[in-house]
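Q: As given, the protein sequences belong to chains S and A, one line each in that order. For the first sequence, the residue numbers in the working numbering are 1 to 114. For the second sequence, the residue numbers in the working numbering are 1 to 115. The C-beta atom is built at its ideal place from N, Cα and C for all residues, glycine as well.
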Amino acid sequence: GAGVSQSPSNKVTEKGKDVELRCDPISGHTALYWYRQSLGQGLEFLIYFQGNSAPDKSGLPSDRFSAERTGGSVSTLTIQRTQQEDSAVYLCASSLDRPSYEQYFGPGTRLTVT
Amino acid sequence: AQKITQTQPGMFVQEKEAVTLDCTYDTSDPSYGLFWYKQPSSGEMIFLIYQGSYDQQNATEGRYSLNFQKARKSANLVISASQLGDSAMYFCAMREGGSQGNLIFGKGTKLSVKP
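Right under this line is the structure:
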């Protein structure tokens with residue numbers, strides 16, 4: 001079946017512009033996560049959606065970052081007034097509704113802020 | 001304090017030999033899960049193996065096994081019979097509590113398999 005998809009695969013933007021990153025999770029997966037990975041680093045948690053519950057936004061680094069998940073499926077991560085330190089690979093993952101179930105990751109969006 | 005510590009930034013192993021990648025974790029939650037992911041140079045994150053805190057036996061998946069030492073809070077990944085395709089970054093991760101919350105990742109270990 002189809003895996004997690006993300007678009008765009010690459011995004012170059014000027015400092016100060018807003019960007020939107022999209023994630024399509026695996027059909028039937030109730031949980032959706034956003035992480036970012038800076039060059040040569042591990043993954044940093046950003047936000048987590050579970051069904052209709054309020055999202056866990058505890059990982060968002062600033063109020064310039066926001067995300068929504070429409071209809072319990074597609075999610076959009078928005079970064080307003082981008083800064084150079086926002087440059088990273090943004091990874092989306094989804095999983096089924098058991099704590100032991102692995103998260104399936106998308107290919108990521110590489111964001112470069114110039 | 002770091003929740004997940006991977007002390008080996010890089011490792012080399014000869015093809016067909018076994019290799020152990022270290023991971024220690026820190027949590028006060030009695031319920032947690034430990035995961036290992038592989039990230040090849042292409043960038044995708046590939047799930048390898050899972051160990052629950054209450055699991056009595058060490059997890060195994062093909063050539064991968066997890067050496068779970070609860071008292072030491074370590075969850076080392078053992079790869080047997082290394083192959084050239086095993087060359088990649090390997091990340092240890094933890095989920096705390098009985099929920100589907102986010103994973104906490106270590107900084108990773110870069111494994112290089114030599115022919």
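1. Locate the beta strand (DSSP E) running through Q80 (chain S), then write down its first and last residues.
2. Going along the chain, which residues of its own chain have a beta-carbon closer than 7 Å to the beta-carbon of K107 (chain A), five neighbours each way excluded?
3. Is the Cβ of Y50 (chain A) closer than 8 Å to any Cβ of chain S?
4. What first and last residue would you give for the beta strand (DSSP E) that runs through K110 (chain A)?
5. Taking R98 (chain S) as part of the beta strand (DSSP E), name the residues at either end of that continuous run.
6. Report yes or no: is there a C-beta of chain S within less than 8 Å of the C-beta of M11 (chain A)?
7. Take D86 (chain A) as the anchor and find which of A:K70, A:C92 and A:K114 has the nearest alpha-carbon.
8. Below 9 Å between beta carbons is the criterion; list the residues of the region 94 to 107 of chain S that meet it against any residue of chain A, in chain order.
9. If you pair each beta-carbon of the region 11 to 31 of chain S with each one of the region 74 to 94 of chain S, do three or more pairs fall below 8 Å?
10. So what does Q14 (chain A) bridge to, in DSSP terms?
11. At a Cβ threshold of 8 Å, is G62 (chain A) touching chain S?
12. At a CB distance below 9 Å, what residues from the region 35 to 62 of chain S approach chain A? Give them in sequence order.
13. Output the distance between the C-alpha atoms of V78 (chain A) and G3 (chain S), rounded to the nearest integer angstrom.
14. I'd like the ranges of any alpha helix (DSSP H) spanning at least 4 consecutive residues and lying wholly in the region 35 to 69 of chain A.
15. Would you list the one or two residues that DSSP bridges to A93 (chain A)?
A: The structure says:
1. No beta strand (DSSP E) holds Q80 (chain S); DSSP gives it neither H nor E.
2. Q6
3. yes
4. T109 to K114
5. Segment: none, R98 (chain S) is in no beta strand (DSSP E) and carries neither H nor E.
6. no
7. A:K114
8. S95, L96, D97, R98, P99, S100, Y101, E102, Q103, Y104, F105, G106 and P107
9. yes
10. A:K114
11. no
12. Y35, Q37, G40, Q41, G42, L43, E44, F45, L46, I47, Y48, Q50, D56, S58 and G59
13. 27 Å
14. none
15. A:F35 and A:F105
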